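Numbered by the numbering used here, the letters in the sequence shown go through residues 237 to 495 in order. Beta carbons are placed, not taken as given, at the ideal position from N, Cα and C, and that holds for glycine. Every value quoted in this text rests on a predicted model; they were computed, and no experiment measured them.
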Amino acid sequence: MNIIMIFKKILHGFLCVLSLLLSVQSLLAQSNFPVSCSPYLLPQYSLNWSALTSSNNFLKVTLVLKDEKYQSGIVPVFLRFRFEQAGSVISTRPDYLPAIPINLSFGTPLTLYGSDLINYFQAGHLIAQGAVDESMLRQGGRLPDGLWTLSVTAYEFDASRGHRQISETGIAMMQVFYGYPPQITYPAEGQVLQEQEVQNLLFSWMPRGTASRGGISGLIYTVELYEVSDGEVPNAVVQGKRPIFSTTTNTSNYLYGIT
């Protein structure tokens, strides 16, 4: 009977992500648009496209109706999104209009999360160009690495007014790099550990491919132990069985004691 260990980076998964988390207003912010629009890209363990709407820990957009002439009543709006990175563009189709508007009240901030915006990110409502394509959007695949810029603009829902732009274009940026899983340094692959009366097993590994100078200290790992019987294939065990032990650590080693 052997025991194998599987490492998973919980922070950034097997991705090393440097999030700049900038919320930058464009030059239009100085104009007199009735609505302010502020998108945010938040720290997230995965940068799969599907994470935009499956997690509320990645994207949010805050809208505020600030023009006093709208103090009474509701202003219905809709949004248009645009992601850009080195020639790759993912944008809302110009002819897409959601079935239900976003209703704004004067002076009351409204924050929308990814799950609230799921219809905007359906593949049929988007145009993809460059290194991204419709199949990536449909499958929720990973975003290419590099500097991504997100632009969000609000428009009037009223077709009789020509769906006029009603907010400045809010901008957020994020730097994305993909890293590598850690390299196990002890025990060595295939090494047989001697049984002892008090069994303590030291596991150690070396981080690789961190996205920033401070990336190593910002990583969290999951250490999982699986029981592999004679004749079993380790990869099949990991896919089909639960670990006999699991814990997290932010260090590059772990001392396991059998109880």
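| Asked | Found |
| --- | --- |
| Compare the C-alpha of serine 327 against each of Asp352, Leu429, Tyr356 and name the closest. | Tyr356 |
| From the DSSP output, which residues share a beta bridge with arginine 378? | Asn284 |
| Can you tell me which residues form a DSSP beta bridge with asparagine 339? | Pro312 |
| Span of the beta strand (DSSP E) holding glutamine 365? | 362-365 |
| Quick check on the DSSP output: the beta strand (DSSP E) that includes proline 470 runs from which residue to which? | Unbroken run through proline 470 is the alpha helix (DSSP H), 470-476; no beta strand (DSSP E). |
| Quick one: give me the first and last residue of the beta strand (DSSP E) that glutamate 460 is part of. | 457-464 |
| DSSP beta-bridge partners for glutamine 321? | Ser324 |
| How big is the Cα-Cα spacing for leucine 491 and leucine 438? | 4 Å |
| What separation, rounded to the nearest whole angstrom, lies between the Cα atoms of asparagine 284 and glutamate 433? | 46 Å |
| For serine 465, count the other beta carbons within 10 Å of its own beta carbon; 16 or more makes it buried, fewer makes it exposed. Which is it? | exposed |
| Identify, in the order they occur along the chain, each residue of the same chain with its Cβ nearer than 6 Å to the Cβ of proline 312, setting aside the five sequence neighbours on each side. | Pro337, Asn339, Phe393 |
| Per DSSP, what kind of secondary structure is phenylalanine 439 in: helix, strand or coil? | strand |
| Is the CB-CB distance between threonine 347 and lysine 296 below 8 Å? | yes |
| On the CB-based measure, 16 or more other CB atoms within 10 Å of its CB, does threonine 389 come out buried or exposed? | buried |
| Do isoleucine 402 and tyrosine 391 have their beta-carbon atoms positioned less than 8 Å apart in this structure? | yes |
| Just how far apart, CA to CA, sit proline 270 and glycine 360? | 30 Å |
| Out of curiosity, what's the CA-to-CA distance linking leucine 288 and glutamine 358? | 11 Å |
| Output the distance between the C-alpha atoms of proline 423 and valine 469, rounded to the nearest integer angstrom. | 19 Å |
| Asparagine 268 and glycine 350 look like a contact to me (Cβ under 8 Å); what is the Cβ gap, rounded to whole Å? | No, asparagine 268 and glycine 350 are not in contact; Cβ-Cβ is about 30 Å, not under 8 Å. |
| Considering lysine 296, what are the terminal residues of the beta strand (DSSP E) in which it resides? | 295-301 |
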